Structures are given as structure tokens and as C-alpha cells.
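Trainee:
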Amino acid sequence: MEHFIRIALWITLIFCQQTNSASIADYRIEKMNTTVTCYEDSRFYAPTNVKTHCITDALDCMRRELSGTAKTECEDFNDYMVNSVDSLDRLIKKRSENYLGLTNSNECACEGYEKKPFVEFVKALESLLQPRNGSGKGGDVRPLWEAELPTSGANKRTVHEKSECGKSIQ
Ligand SMILES: *[C@@H]1O[C@H](CO)[C@@H](O)[C@H](O)[C@H]1NC(C)=O
Ligand SMILES: *[C@@H]1O[C@H](CO)[C@@H](O)[C@H](O)[C@H]1NC(C)=O
1 MEHFIRIALW
11 ITLIFCQQTN
21 SASIADYRIE
31 KMNTTVTCYE
41 DSRFYAPTNV
51 KTHCITDALD
61 CMRRELSGTA
71 KTECEDFNDY
81 MVNSVDSLDR
91 LIKKRSENYL
101 GLTNSNECAC
111 EGYEKKPFVE
121 FVKALESLLQ
131 PRNGSGKGGD
141 VRPLWEAELP
151 TSGANKRTVH
161 EKSECGKSIQ
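First residue of the sequence shown: 1, per the working numbering; consecutive thereafter.
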């Protein structure tokens, strides 16, 4: 039994490490750009010039395009779009937990952005994830994929993160 608990603990530790180390590569930008093929006339809402308070809505818009229109109109043999959607899910959840969630306002609506071919859509996703002023909590300028994650060192958010991970083995 003790042996089992030790293995469970190791699995949890490995899992926690993986979920805590997010990177731009998790969004499969380059992979999607080079391997995914869509119909010639396929177009996707591609948020650009996104207002700071609309960032989470824009991420959700792109998540829905990838799991909706792109899923039916594009070929993706390596499931890169699925990976990207998973990463977007995590980021949206993380932002929501940090009071940077969806506004669902008309101003931030997906339909308000231009529809573009897949490669331009992917390019828009890449720029949305780049560092910019005010995109994170307290005007954070770090890139989105790390802005809402705990910073290194023992601050409050790191402790919170660890205790959350610990819960999964209880
Ligand atoms: C997509 O691929 C093209 C051609 O290789 C390249 O010019 C472009 O910069 C790439 N876009 C992204 C977002 O990686
Ligand atoms: C953030 O704003 C400062 C001051 O306006 C500017 O110098 C800096 O380049 C901006 N950084 C980004 C990532 O936009």
C-alpha cells in the first residue's frame, strides 16, 4: 500500500511539473502553420488589435474556431489543433481564476473580427500570445502563456498552485 502511495505521489509530481511549465510551443503555432491544410475558401475569425479587456474573449473565439470550423474544414493528421485547443482551455481557465475571464460583451465578440485564411488565423493567434502591456494581472507585460502562471520563488500564488496539485492524491 505504501508502495502504491509512493507511485501515486510520483505521478502527481510529474503531472504537476508538466502542467506548470507552459510554453508557446504548447499552442502548436508553427506545427499548425506548416502541416494543417484547409479548403481553399475556408475562413476563420482572426482577432487582431484586441483590446486588453477583450483578450480572454479573443482566446475563446480562436479556441472555438479551432474546435469548430477548422475541425470540419481542415486536415490535421497529427492533432495539433487538438493540442492547441487544450492549451487555450488551460489558459482561459487560468485567466478566469485570476479575474481576467470572459466579458461576453458585444465589444469583444468573435464576430466583430475579420475572417481570414487559416495561416493568417494562426499568425493572429501567435501575436495575441505575445507580451504586451496590461495583458495580465496588475498590468503584467509577460507573454500570455506565462503571465498567469506562478512566478519562480515562494510567493502566494506558487503556494496556492502546489496545494492545488497536492489535492489530486488525497
Ligand atoms: C508560416 O509559414 C510561412 C512559410 O514557411 C512563414 O513565412 C510564416 O512566418 C509562418 N507563420 C507563422 C505564424 O509561424
Ligand atoms: C509597455 O509600455 C512601455 C511604456 O509605455 C513601453 O516602453 C514598452 O515598450 C511597452 N512594452 C510592451 C511589451 O508593449
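Think of the CB as a built atom: it goes at the ideal place given N, C-alpha and C, for glycine as much as any other residue. These numbers were taken from a predicted model, which means no experiment stands behind them.
Taking DSSP as the reference, what is the three-state secondary structure of T103?
Mentor: Translated into positions along the sequence shown, residue 103 becomes position 103. In the structure shown, T103 sits in coil (DSSP, three-state: anything other than H, G, I, E or B).
Trainee: Is E126 a contact residue of ligand 1, with contact defined as CB to any heavy atom under 8 Å?
Mentor: In the sequence shown, residue 126 corresponds to position 126, counting from 1. For ligand 1, at least one heavy atom lies less than 8 Å from the Cβ of E126.
Trainee: How far does the alpha helix (DSSP H) with Y80 in it extend, from its first residue to its last?
Mentor: Here residue 80 corresponds to residue number 80 of the sequence shown, with the count starting at 1. From DSSP, the alpha helix (DSSP H) with Y80 extends over 80-97.
Trainee: Looking only at C-alpha atoms, which of G136, N133, L144 sits nearest to E126?
Mentor: Here residue 126 corresponds to residue number 126 of the sequence shown, with the count starting at 1. Ranking the options by Cα distance to E126, first place goes to L144.
Trainee: Beta carbon of L102, beta carbon of D60: below 9 Å?
Mentor: Walking along the sequence shown from the start, residue 102 turns up at place 102. Walking along the sequence shown from the start, residue 60 turns up at place 60. Yes, these two residues count as a Cβ contact at 9 Å.
Trainee: Counting pairs of beta carbons, one from the segment 85-95 and one from the segment 44-62, are three or more of them closer than 8 Å?
Mentor: Yes, the segment 85-95 is in contact with the segment 44-62.
Trainee: Taking A46 and K115 to be in contact with their CB atoms under 8 Å, please state how far apart those CB atoms are, rounded to whole angstroms.
Mentor: The count along the sequence shown starts at 1 and reaches residue 46 at position 46. The count along the sequence shown starts at 1 and reaches residue 115 at position 115. The Cβ separation is near 7 Å, so the contact holds.
Trainee: For ligand 1, is there any heavy atom lying closer than 8 Å to the beta carbon of E30?
Mentor: For this step, residue 30 is matched to residue 30 along the sequence shown. Checking every heavy atom of ligand 1 against the Cβ of E30, one is found closer than 8 Å.
Trainee: In whole angstroms, give me the CA-to-CA distance for L128 and N78.
Mentor: The residue labelled residue 128 in the question sits at position 128 within the sequence shown. The residue labelled residue 78 in the question sits at position 78 within the sequence shown. Between L128 and N78, the C-alpha separation is close to 23 Å.
Trainee: For Y45, which beta-bridge partners are listed by DSSP?
Mentor: By one-based count along the sequence shown, residue 45 stands at place 45. Partner(s): K115.
Trainee: What separation, rounded to the nearest whole angstrom, lies between the Cα atoms of K31 and T37?
Mentor: Reading the sequence shown from its first residue, position 31 is the one you call residue 31. Reading the sequence shown from its first residue, position 37 is the one you call residue 37. Roughly 11 Å separates the two Cα atoms.
Trainee: On the premise that L88 lies in contact with I63, defined as a C-beta separation below 8 Å, what is that separation, rounded to the nearest angstrom?
Mentor: Looking up residue 63 in the sequence shown gives position 63. Looking up residue 88 in the sequence shown gives position 88. Correcting the residue type first, residue 63 is Arg in the shown sequence and not Ile. Yes, R63 and L88 are in contact; Cβ-Cβ is about 4 Å, under 8 Å.
Trainee: Is it buried or exposed, D76, if we count other Cβ atoms within 10 angstroms and call 16 or more buried?
Mentor: Here residue 76 corresponds to residue number 76 of the sequence shown, with the count starting at 1. It is buried - the Cβ of D76 has at least 16 other Cβ atoms within 10 Å.
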